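For the sequence shown, the working numbering gives the first residue as 447, with consecutive numbering after it. Beta carbons are placed, not taken as given, at the ideal position from N, Cα and C, and that holds for glycine. Quick caveat: nothing in here was measured; it's all calculated off a predicted structure.
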Amino acid sequence: QEESGSYVNLTSSQASPSPQPSTKTESNQRSSVSQPHCDMKDSISSITPSPIHGWIGSTLQCAKCNYVRPIQNAPCLDIPIVPTAISSMFNPSGSHGKVDETTSCRLETCLQDYTSIEKVSDVECLNCTKLNEMQHWEEEMDMLQGAMISLRNKKRPTETLELEYRKAECLYHFWKARNPDHDCNDNEVINKLLRESSNGNDYHYQEEQIGIIRGDAWKCLLVTRPSAILCLHIQRRYYDPIYDCMVKTKQHVQFDLELDLGPFCATHVSSSNKKNGQAKSSRLMYKLYAILEHAGNAYSGHYVTYRRMSNGNDDKWCLISDDSIATDLPWSRVRTAQAYMLFYEQVSTPHSEKALQIKPKPAKKLNTSNMMQ
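Structural data, given as structure tokens:
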């Protein structure tokens with residue numbers, strides 16, 4: 447995994463650049479992409495062991511202290527997306543409202559739902575713990591310092607309070623230097639510091655047991671390493687609590703020949719290309735080349751495959767069902783398929799012949815003002 451903020455040198459055979467996330471707009475028209483396709487074999491490397499191998503990044507922001515954790519990457523072979531008929535069924539007050547499965551939805555809308563910010567509960571926050579402990583031991587130091595001054599004015603011994611003050615000072619500086627992003631056994635480290643700070647004194651210190659503060663947080667998923675072959679898995683099966691069984695939705699998911707994955711990525715490319723005095727934003731374009739369709743219910747059925755013919759004609763497709771093949775299918779027929787899985791092939795970019803530096807976007811406060819409704 448990449449450490450947060452580090453630069454990674456990627457050639458076009460490993461990954462194409464993804465632009466900084468921007469406002470997502472839906473359009474039924476397909477954009478024209480004239481670049482040649484990437485060679486699938488060139489995408490295989492020690493970083494990307496297979497053309498469909500990619501990374502999904504997860505990040506959390508504490509709802510209390512607004513601390514944003516570094517992106518945690520996890521390998522993935524496909525991106526699971528949910529039709530709006532299912533998501534609205536379990537969250538009718540969401541952005542889509544109540545959606546009937548007879549109403550179609552856009553593929554980009556499903557991807558936007560997948561990468562949208564959601565609220566999660568009972569999440570550990572080391573930064574909240576750090577701030578709480580710092581405040582506690584700072585108040586303890588002020589109280590002990592006042593008590594020692596009072597005892598000295600009365601010419602009374604202060605050895606016990608000095609040991610307590612040393613302990614509080616030790617713990618305060620420990621938490622002040624604590625990096626919330628680093629995992630360590632705080633109880634073990636703290637008690638080791640307390641033993642060292644006693645300097646062999648017979649004073650018996652009380653071991654500290656730190657409880658990590660938990661609370662609500664905002665979670666977001668983004669693509670951190672796009673794959674050469676993008677596999678989108680449409681989750682049509684769901685559990686129906688009324689009938690106590692698995693059910694399959696038949697909602698149609700509209701998809702186009704071309705897909706811009708850039709708005710759903712966490713990385714951006716530093717480019718000096720400018721047009722009309724403004725920086726030119728790059729896109730991460732994919733082209734559809736295969737569709738897997740399932741006909742049946744949630745427990746049984748039949749799979750067929752639509753495959754784009756490799757003659758350079760986007761309007762000619764073939765349909766494969768077991769050992770039978772139907773050729774010369776038009777795009778107007780293919781686009782009505784009830785897709786179960788969609789396979790998009792990454793197309794090259796104008797910078798494909800040279801290495802590009804991709805840097806994760808710096809952590810910043812997530813805009814949750816619209817999420818608090």
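Spatial neighbours of residue i in its chain, beta-carbon cut-off 6 Å, leaving aside the 5 residues before and after
| i | result |
| --- | --- |
| A520 | I502 |
| T606 | none |
| M594 | T604, L607 |
| W583 | A614, L617, Y618 |
| K762 | M755, D774 |
| Y560 | I527 |
Opening and closing residue of the beta strand (DSSP E) in which residue i lies
| i | result |
| --- | --- |
| E570 | 564-570 |
| P495 | No beta strand (DSSP E) holds P495; DSSP gives it neither H nor E. |
| P526 | 525-527 |
Residues near residue i in its chain [Cβ-Cβ closer than 7 Å; skip 5 each side]
| i | result |
| --- | --- |
| E564 | K665 |
| F387 | Lying before the first or after the last residue shown, residue 387 is absent from the chain, which here runs from 447 to 819. |
| S567 | D662 |
| L523 | I498, H499, C677 |
| R624 | K576 |
| Q784 | K696, H698, E739 |
N- and C-terminal bounds of the alpha helix (DSSP H) containing residue i
| i | result |
| --- | --- |
| T505 | Run containing T505: none in the alpha helix (DSSP H); it sits in the beta strand (DSSP E), 500-508. |
| A531 | 530-536 |
| T555 | 553-560 |
Residues near residue i by beta carbon distance below 8 Å, same chain, minus five either side
| i | result |
| --- | --- |
| P603 | L597 |
| I490 | Unreliable placement is indicated for I490, whose pLDDT of 48 sits below 50; the coordinate value is still reported in the next sentence. Closer than 8 Å at Cβ, skipping near neighbours: S496, P497. |
| L590 | L607, E610, Y611, A614 |
| A531 | V545, D546, E547, T549, C551, T695, Q697 |
Opposing strand residues paired with residue i [DSSP bridges]
| i | result |
| --- | --- |
| Q518 | S504 |
| E739 | V750, A785 |
| Y732 | L705, Q792 |
| W583 | DSSP lists no partner for W583. |
| W763 | R754, L775 |
| C511 | According to DSSP, C511 bridges with nothing at all. |
| S770 | S767 |
| C711 | V669 |
Nearest-angstrom Cα separation, counted from residue j out to residue i
| i | j | result |
| --- | --- | --- |
| H740 | Y749 | 5 Å |
| T751 | N631 | 52 Å |
| D627 | L572 | 8 Å |
| V569 | L738 | 38 Å |
| P526 | D769 | 29 Å |
| G657 | N633 | 9 Å |
| E547 | N637 | 59 Å |
| R671 | G500 | 5 Å |
| Q697 | D706 | 23 Å |
| V780 | Y786 | 13 Å |
| K720 | R729 | In this predicted model, K720 has a pLDDT of only 45, less than 50, meaning its place in the structure is not dependable; the value taken from the coordinates is given anyway. Computed Cα separation, rounded: 14 Å. |
| E554 | T695 | 18 Å |
| Q700 | L577 | 48 Å |
| I766 | R753 | 8 Å |
| L668 | I517 | 9 Å |
| E579 | S504 | 27 Å |
| K510 | S562 | 20 Å |
| H679 | S550 | 17 Å |
| A743 | A674 | Looking at the sequence provided, one finds Asn at residue 743 rather than Ala. N743 and A674: Cα-Cα distance of roughly 32 Å. |
| Y689 | R660 | 36 Å |
Uninterrupted alpha helix (DSSP H) stretches inside the segment 620-703 (no shorter than 4 residues) = 632-643
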